[in-house]
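Numbering (my numbering), first residue to last: 3 to 436. Note that beta-carbon positions come from the ideal geometry of N, C-alpha and C, so glycine has one too. Model, not experiment: these values are computed from the prediction.
Right, dumping it as structure tokens:
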């Protein structure tokens, strides 16, 4: 593909122009670049990309944005549907934090910096942690993220500190002259008994250019800490996303992540969770509602490394027109991880004949005293339920919308912020009615 060749040439050009880093960062970049060149872009021959041809989503001539430039105000970037929520905001413009248009918490024990500054200052939190969870040896886009390492978000929450309001992290893609490809590298470290909620929001600027974001997040959750991360990609047809998320959990720690994909051309969400301390709890859930020719791909790996941990997965897909979805979820239980409880469920609703879903739930268990289950279902709207609602005076579209929302509700209500739950339900209803 011509544009794929141009994309690879742009990589070489961008790398040749980026020589302003420390020796440590240069080492990470060079290693990432070598790994990427060794692997190249993933193809359908790669088992983890078997149903996702990423090359067709690089069908535009993308330029790599080195500098982040923004003239907007925070109020211009935050969508109307979120402005009623009480929250803090940090805006990343093409992967780089812009503190001038952000609203950060002034709370002792919470440190929010640019990753570039934290690396330059040799922040001790990064030592022995940064770039240790990434799967760059296996995944091309993770390697490419390291090759382009420049900036991103650094969040450190000290012991026993609680962030009272959620922190919105806005990945804002901006380009006036050309379609833009950028990387974002983010690092979160929660000390013992810390607690915080973060909400990622993906948004393209209004210039009408295509945006492709390659994001990598490393999240360290210490003993007894509680971290919630929700991710929203709402009506962003110009925003294409590969998001790789890595979590390491300590003893008695808790994490919950919820992914909400409502519109958008392409989104690949990778989740790699390691339960490294006893009595850890990991919950992953998501809803995607796709139409036109969109593709949403969710890949999940939860590794139970020690005894007495619980994991719970629930992902629901709603697809119409010619939209396609992928769910690939795996539960891995190490030999010594006795008393594991792990549950995985993927349910899908097809609203059109041309829509499709590829689902692959997996269990790999080496312990013998466990409770594990997995399942996947795909179907259409129940005609009997549809008929019943129509006998109650509803037209066909109203009845279909109510049944579809009821299908999504179970997963949406996994979100711990009730105000956000209501917003997400309203957005789904509006999408279905349109």
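(message) What does the alpha-carbon distance come out to for the pair residue 251 and residue 219?
(response) Translated into positions along the chain shown, residue 251 becomes position 249. Translated into positions along the chain shown, residue 219 becomes position 217. Roughly 14 Å between the two C-alpha positions.
(request) Tell me whether residue 82 is buried or exposed, calling it buried when 16 or more other Cβ atoms sit within 10 Å of its Cβ. (result) In the chain shown, counting from the first residue as 1, residue 82 sits at position 80. Exposed: under 16 other Cβ atoms inside 10 Å.
(message) Does residue 11 pass the burial test, meaning 16 or more other C-beta atoms within 10 Å, or should it be called exposed?
(response) Within the chain shown, numbered from 1, the residue matching residue 11 stands at position 9. The residue in question, residue 11, is exposed, as its Cβ has fewer than 16 Cβ neighbours within 10 Å.
(message) For residue 242, count the other beta carbons within 10 Å of its own beta carbon; 16 or more makes it buried, fewer makes it exposed. Which is it?
(response) As a first step, residue 242 is located in the chain shown; it is residue number 240 there, counting from the start. Buried, because 16 or more other Cβ atoms sit within 10 Å of the Cβ of residue 242.
(message) Quick check: what's the CA-CA separation for residue 388 versus residue 399?
(response) Here the question's residue 388 lines up with position 386 in the chain shown. Here the question's residue 399 lines up with position 397 in the chain shown. Going by the C-alpha atoms only, they are around 10 Å apart.
(request) Determine the burial state of residue 129: buried for a count of at least 16 other Cβ atoms within 10 Å of its Cβ, exposed for fewer. (result) Numbered from 1 along the chain shown, position 127 holds the residue referred to as residue 129. Per the 10 Å Cβ criterion, exposed.
(request) Can you tell me which of the three DSSP states residue 3 falls into? (result) Locating residue 3 in the chain shown gives position 1, counting from the first residue. Only weak support exists for where residue 3 lies, its pLDDT of 46 falling under 50; the value from the coordinates is given anyway. In this structure, residue 3 counts as coil in the three-state DSSP scheme.
(message) Buried or exposed for residue 46, going by 16 or more other Cβ atoms inside 10 Å?
(response) Along the chain shown, one-based indexing puts residue 46 at 44. Exposed: under 16 other Cβ atoms inside 10 Å.
(request) Measure the alpha-carbon distance for residue 233 versus residue 40 and round it to whole angstroms. (result) Position 231 of the chain shown, counting from 1, holds the residue named residue 233. Position 38 of the chain shown, counting from 1, holds the residue named residue 40. For residue 233 and residue 40, the distance between alpha carbons rounds to 31 Å.
(request) Return yes when the Cβ of residue 380 is within less than 7 Å of the Cβ of residue 329, no when it is not. (result) Mapped onto the chain shown, residue 329 falls at position 327. Mapped onto the chain shown, residue 380 falls at position 378. No. Outside cutoff.
(message) Three or more C-beta pairs under 8 Å: does that hold for the stretch 45 to 59 against the stretch 92 to 107?
(response) no
(message) Using a Cβ-Cβ cutoff of less than 6 Å, which residues in the same chain neighbour residue 285 once the five nearest sequence positions on both sides are dropped?
(response) The residue given as residue 285 occupies position 283 in the chain shown. If we look at residue 285 and ignore the five residues flanking it on each side, its Cβ neighbours are 258, 314.
(request) State the DSSP-derived secondary structure class of residue 2, mapped to helix, strand or coil. (result) In the structure as shown, the chain begins at 3 and stops at 436. Residue 2 is therefore absent and cannot be evaluated.
(request) Check whether the Cβ atoms of residue 319 and residue 359 sit closer than 7 Å, and answer yes or no. (result) Position 317 of the chain shown, counting from 1, holds the residue named residue 319. Position 357 of the chain shown, counting from 1, holds the residue named residue 359. Yes.
(message) Taking only three categories from DSSP, how would you classify residue 78?
(response) Here residue 78 is taken as the residue at index 76 of the chain shown, counted from 1. Three-state DSSP puts residue 78 in a helix.
(request) Take the Cβ of residue 274 as the centre, count every other Cβ of all protein chains shown within 10 Å, and call the residue buried at 16 or more, exposed below. (result) In the chain shown, counting from the first residue as 1, residue 274 sits at position 272. Looking at its Cβ environment, which holds 16 or more other Cβ atoms inside 10 Å, residue 274 is buried.
(message) Which of the three DSSP states is assigned to residue 342 in this structure?
(response) One-based indexing of the chain shown puts residue 342 at position 340. Note: residue 342 maps to strand in three-state DSSP.
(request) Would you mind working out which of 346, 266, 291 sits nearest residue 407, comparing C-alpha positions? (result) Taking the chain shown and counting its residues from 1, one reaches residue 407 at position 405. Ranking the options by Cα distance to residue 407, first place goes to 291.
(message) As a quick exercise: from 159, 160, 402, 136, pick the residue whose alpha carbon is nearest that of residue 245.
(response) On the chain shown, residue 245 is found 243 positions in, with the first residue counted as 1. Checking every option, the nearest Cα to that of residue 245 belongs to 136.
(request) Could you pull out every unbroken beta strand (DSSP E) segment of at least 3 residues lying fully inside the stretch 137 to 200, listed in chain order? (result) 154 to 159, 169 to 175, 181 to 192
(message) I'd like to check one pair, residue 280 with residue 308: are the Cβ atoms closer than 7 Å?
(response) Translated into the one-based positions of the chain shown, residue 308 becomes position 306. Translated into the one-based positions of the chain shown, residue 280 becomes position 278. Yes.
(request) Give me the Cα-Cα distance between residue 119 and residue 27, rounded to the nearest whole angstrom. (result) Here residue 119 corresponds to residue number 117 of the chain shown, with the count starting at 1. Here residue 27 corresponds to residue number 25 of the chain shown, with the count starting at 1. So the alpha carbons of these two residues sit roughly 12 Å apart.
(message) Below 8 Å on the Cβ atoms is my contact criterion, and I expect residue 210 with residue 160 to pass it. Report the Cβ-Cβ distance as a whole number of Å.
(response) As a working note, residue 210 is residue 208 in the chain shown. As a working note, residue 160 is residue 158 in the chain shown. Wrong, their Cβ atoms sit about 43 Å apart, outside the cutoff.
(message) Taking 7 Å as the threshold (beta carbon to beta carbon), is residue 425 in contact with chain C?
(response) Judged by its chain identifiers, the structure shown contains no chain C, having just a single protein chain.
(request) Measure the C-alpha to C-alpha separation of residue 348 and residue 317 and round it to an integer number of angstroms. (result) Within the chain shown, residue 348 is the residue found at index 346, counting from 1. Within the chain shown, residue 317 is the residue found at index 315, counting from 1. Cα-Cα distance, rounded: 5 Å.
(message) Here's the rule: buried if 16 or more other CB atoms are within 10 angstroms of the residue's CB, otherwise exposed. What is residue 126?
(response) To locate residue 126, count along the chain shown from 1; it is residue 124. Classification of residue 126: exposed, given that the 10 Å Cβ count is below 16.
(request) Just grab the DSSP bridge partners of residue 372 for me. (result) Counting from 1 along the chain shown, the entry for residue 372 is found at position 370. According to DSSP, which records beta bridges pairwise, residue 372 is partnered with 342.
(request) Taking all protein chains shown into account, decide if residue 403 is buried (16 or more other Cβ within 10 angstroms of its Cβ) or exposed. (result) As a first step, residue 403 is located in the chain shown; it is residue number 401 there, counting from the start. Result: buried.
(message) Bridge partners for residue 210 per DSSP, in chain order?
(response) Translated into positions along the chain shown, residue 210 becomes position 208. None, per the DSSP bridge assignment.
(message) Below 6 Å, is the gap between the Cβ of residue 200 and the nearest heavy atom of the ligand GDP?
(response) Looking at this structure, you won't find the ligand GDP or any other ligand, since it has none at all.
(request) Reducing DSSP to helix, strand and coil, say where residue 46 ends up. (result) Stepping through the chain shown from its first residue, residue 46 is reached at position 44. Here residue 46 sits in coil by DSSP.
(request) Could you say if the stretch 295 to 311 and the stretch 259 to 278 meet the contact criterion of at least three C-beta pairs nearer than 8 Å? (result) yes
(request) Report the residue from 415, 169, 351, 205 whose alpha carbon sits nearest the alpha carbon of residue 439. (result) A query on residue 439 cannot be resolved here, the shown segment of the chain reaching from 3 to 436 and no further.
(message) Which residue wins for smallest C-alpha separation from residue 90, given the options 295, 98, 108?
(response) Here residue 90 is taken as the residue at index 88 of the chain shown, counted from 1. The shortest C-alpha separation from residue 90 is found at 108.
(request) Check whether the Cβ atoms of residue 229 and residue 223 sit closer than 7 Å, and answer yes or no. (result) In the chain shown, counting from the first residue as 1, residue 229 sits at position 227. In the chain shown, counting from the first residue as 1, residue 223 sits at position 221. Yes.
(message) Counting C-beta neighbours from all protein chains within 10 Å, is the total for residue 144 16 or more, i.e. buried, or is it exposed?
(response) As a working note, residue 144 is residue 142 in the chain shown. Burial call: buried.
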